[in-house]
Amino acid sequence: MQFKCSLKAALLGATLLAVAGPAYAQNVTLRALMEDVPETQIIEKLLPEFEKETGIKVEFEKIGYGDMHDKLVAQLVSPESYYNLLEVDFLWAGEFPAAGWLEDLNPYIAKSGFDLKPFIPSMLDLLGQTKDATPILPMYNYSMGLIYRTDLLSDAKIKADYKAKTGKELALPATLADYVALSAFFKANTPVVGAAMQGQRGDPNAMEFSNYLFSAGGAYLDADRKVVLNSPQGLTALKLYAENVQKGAQQGALSATLDDTMRLMCAGEAFSMVTYWWMLPQLDDAEKCPKVAGKLALSVMPGGHGESGGWGWGIPKNTSDESKAAAWKFIEWVQGKKISVARAMEGHAPVRSDVFEDAAVLKKYPFYKTGLEVVASGKSFPIFAYSAQYEDVLGAQLSLAAGGQAKPEDALKAAADGLTQLLNK
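Take the sequence shown: its letters are residues -25 to -1, 1 to 400, numbered as in mature numbering (1 follows the signal peptide of the UniProt record, and there is no 0).
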């Protein structure tokens, strides 16, 4: 937005923006490109409250994840970004700051006295905080765990059938191998599939597979950032991932997205899904998903570790000073405890420990205690300048292996080599 004002007026506007009051930013409109997911919808409902308090208008343009990165980059390399408030995925937390596109938020934090202590340290690390800079402030986490049907685990007929066929008691799986075996059992012996899987190549299957890798004891990088993906643990993970796609998942899993898996789970047609833990409040809703509401639970990924990700807020450098100040005012409002608790009461996935521990939140959603365990035990996809590109490299190999078009050994080696090449680029 172009502001026609004198230097004196601009300085006055910036000064007024630093204090609270409903009339100090009448001409400022914040525009953000947002992923069209429940978290965005939760915040969107609260925007009138922010405008009433500050006079700042906020407009969300909601699109699918796959189109966001390139659309944002086109604005960030332009003389002036149309989007003056940024929603930034952790996969871009290496690229965006390295390119010099984001404001350092530390001066804003210091000037406003915003308290970072309640924020979960791993979330700040995930989004690129260093001892010198905070380029992105955490917005919400999307750590992944297992959502499963408690009614099916306690069904007497299924329990008896499982015991007869396996010699074991039916229970929540403790290991990745146990989970994949249980998934295959459900698909072969019950009306539901064992796993609703998001196998579309790229971000969906890269994120999904990461849970298998970490639960099998594997990793992408070691402590020295050497690529260690091509390991016995990595091979075990890929073989089990392919096995679940082929024997436990729904038909068409290799082209399925998160939305597809949610619809399948909501319809009562799957026993489980490895997914973002915050999907549970959306699924455990009697109006939206009457077939499964009250019959779901959350656990840490079988094996002990899932994939941990998150979104954050950033401020682009190529916008006006007034827009930057307004953007920070919104960020500190939406990530303050009051609004974070209000969001959590609607199913928000917090990045503040004091929200996870809030009595009202725990009373409504007791599983938030498990949610914190999911977040705390999560591990991260490689974060570097080409993380988004690596999702495509990895996703292609996962799709080939899961579809039976490549041997897992060959696909894993190609995925590891691809990571090495991008890291050295």
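Where is the CB? At the ideal position from N, CA and C, for every residue including glycine.
- Burial is judged here by how many other beta carbons sit within 10 angstroms of a residue's own beta carbon; Asp42 has fewer than 16 and is exposed.
- Residue pairing by DSSP places Gly289 opposite Leu61 in a beta bridge.
- Around the CB of Gln380, fewer than 16 other CB atoms lie within 10 Å, so the residue is classed as exposed.
- With fewer than 16 other beta carbons inside 10 angstroms of its own, Ile38 counts as exposed.
- For the pair Ala159 and Gly169, the CB atoms are nearer than the 8 Å cut-off.
- In the DSSP secondary-structure assignment, Gly120 is bridged to Thr250.
- A contact is defined here as three or more CB-CB pairs under 8 Å, and the segment 208 to 224 meets this definition with respect to the segment 381 to 400.
- Here Glu244 carries a coil assignment [DSSP, helix/strand/coil].
- A check of alpha carbon separations from Asp153 across Gly287, Gly278, Ala301, Ala7 identifies Gly278 as the nearest.
- Burial check for Ser247: the Cβ neighbour count within 10 Å reaches 16 or more, so the residue is buried.
- Annotation: Lys106 to Pro341 spans about 35 Å, alpha carbon to alpha carbon.
- Taking a C-beta distance under 8 Å as the contact criterion, Ser355 and Ser283 qualify as a contact pair.
- Comparing alpha-carbon positions, the option among Ala261, Lys400, Leu8 lying closest to Ala360 turns out to be Lys400.
- Measuring C-alpha to C-alpha distances from Tyr137 to each of Thr165, Ala224, Pro113 identifies Thr165 as the nearest.
- Selection Ala245, Met276, Gly281 evaluated against Cys264 yields Ala245 as nearest (Cα-Cα).
- Of the other Cβ atoms in all chains shown, fewer than 16 fall within 10 Å of the Cβ of Asn2; this residue is therefore exposed.
- Excluding its 5 nearest sequence neighbours in each direction, Thr395 has C-beta neighbours in its own chain below 8 Å: Val202, listed in chain order.
- By the Cβ criterion, the segment 219 to 234 is not in contact with the segment 314 to 322, since fewer than three pairs of Cβ atoms, one from each stretch, lie closer than 8 Å.
- As the crow flies, the alpha-carbon of Trp67 is around 15 Å from that of Tyr115.
- Trp253 and Asn293 have their C-alpha atoms some 33 Å from each other.
- Around the beta carbon of Ser118, a 10 Å sphere encloses 16 or more other beta carbons of the protein chains shown; the residue is thus reported as buried.
- A contact is defined here as three or more CB-CB pairs under 8 Å, and the segment 76 to 93 fails this definition with respect to the segment 122 to 136.
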